[in-house]
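S.K.:
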Amino acid sequence: VEPHFLFNTLASIDHLIETDPPRASQMQKNLIALLRASMPTMREANSNGAPRDLAREMAVIRPYLEILKVRMEERLTTRIEVPDGLLSAEFPPMMIQSLVENAIKHGLEPKPEGGELAIKAEIVHGKLNVTVADTGLGFGRAATAGTGVGLANVRERLLALYDGRARLDLLDNHPCGLRARLRLPLVGTGDP
1 VEPHFLFNTL ASIDHLIETD PPRASQMQKN LIALLRASMP TMREANSNGA
51 PRDLAREMAV IRPYLEILKV RMEERLTTRI EVPDGLLSAE FPPMMIQSLV
101 ENAIKHGLEP KPEGGELAIK AEIVHGKLNV TVADTGLGFG RAATAGTGVG
151 LANVRERLLA LYDGRARLDL LDNHPCGLRA RLRLPLVGTG DP
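The C-terminal position of the sequence shown is numbered 192 in our numbering, with every residue numbered one higher than the one before it.
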């Protein structure tokens, strides 16, 4: 969890306590759910980076997106299409969150009207494809364009974990925005 995200969220909760207590309460509950889900995952990612399962990744992403929806209000809509049958698939911790953070920071936040962020998981040609798509400004078009270090880190982690059997593709999302697609070997975790 990025410090600026945490401090912005706490500031938003503080403001909402005075202006809209029910929304403040919901945002606080989402922050608690996010921290509960992400703290063990962050410890594991820092210790060995070994993949866990997609269900644990989604347990972090869902409250994270709910917090962003409160902060961005009508400027952000989200859609998640992750079939229950894929939730036990092996997945590297915090990887979707990195792609979502990029989509928000460089695609949707700088766009005055905002847009949609969609997460989709599916099996394509025997591989697990997880796509984070936004209808934002598109790759490299925002004044907030980053250095590419975050995407390079994702690619390095994929190489270390899957030895060339996984990849990250960045594609145009028509009519606007970017699709970041992760293609991973389809492996179950064996966890119940």
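All residues carry an ideal CB built from backbone N, CA and C; glycine is no exception.
Please classify M27: is it buried, with 16 or more other beta-carbons within 10 angstroms of its beta-carbon, or exposed?
M.R.: The count along the sequence shown starts at 1 and reaches residue 27 at position 27. Label assigned to M27: buried.
S.K.: Does the beta-carbon distance from A89 to A59 come in below 7 Å?
M.R.: What you label residue 89 is simply residue 89 of the sequence shown in a count that begins at 1. What you label residue 59 is simply residue 59 of the sequence shown in a count that begins at 1. Against a cut-off of 7 Å, the Cβ pair of A59 and A89 comes out as no contact.
S.K.: Got a sec? Which residues, its chain only, sit under 8 Å from V70 by beta carbon, not counting five neighbours each side?
M.R.: Here residue 70 refers to the residue found at position 70 of the sequence shown. Excluding positions up to five away in sequence, the list reads S12, L16, R23, Q26, M27, N30.
S.K.: Give the single residue among F91, R75, A33, E74 whose Cα lies nearest to the Cα of R52.
M.R.: Taking the first residue of the sequence shown as position 1, residue 52 is located at position 52. Residue F91 is the option with its Cα nearest to R52.
S.K.: Tell me the DSSP secondary structure of L137 in three-state form.
M.R.: Position 137 of the sequence shown holds residue 137. Coil.
S.K.: Starting from the Cα of A55, find the closest Cα among T9, D84, I123, S98 and give me that residue.
M.R.: Counting from one through the sequence shown, the residue named residue 55 turns up at place 55. Measuring from the Cα of A55, the nearest candidate turns out to be D84.
S.K.: Could you tell me whether the region 168 to 183 touches the region 131 to 141, using the rule of 3 or more Cβ pairs below 8 Å?
M.R.: Yes: at least three Cβ pairs fall under 8 Å.
S.K.: In terms of residues, what are the limits of the beta strand (DSSP E) holding L171?
M.R.: Residue 171 sits at position 171 when you count from the first residue of the sequence shown. Residues 167 to 172.
S.K.: With burial defined as no fewer than 16 other Cβ atoms inside 10 Å of the residue's Cβ, what is the status of N153: buried or exposed?
M.R.: As a first step, residue 153 is located in the sequence shown; it is residue number 153 there, counting from the start. Looking at its Cβ environment, which holds fewer than 16 other Cβ atoms inside 10 Å, N153 is exposed.
S.K.: Determine the extent of the alpha helix (DSSP H) in which K105 is found, giving its start and end residues.
M.R.: Mapped onto the sequence shown, residue 105 falls at position 105. Counting along the chain, K105 falls outside any alpha helix (DSSP H), and DSSP gives it neither H nor E.
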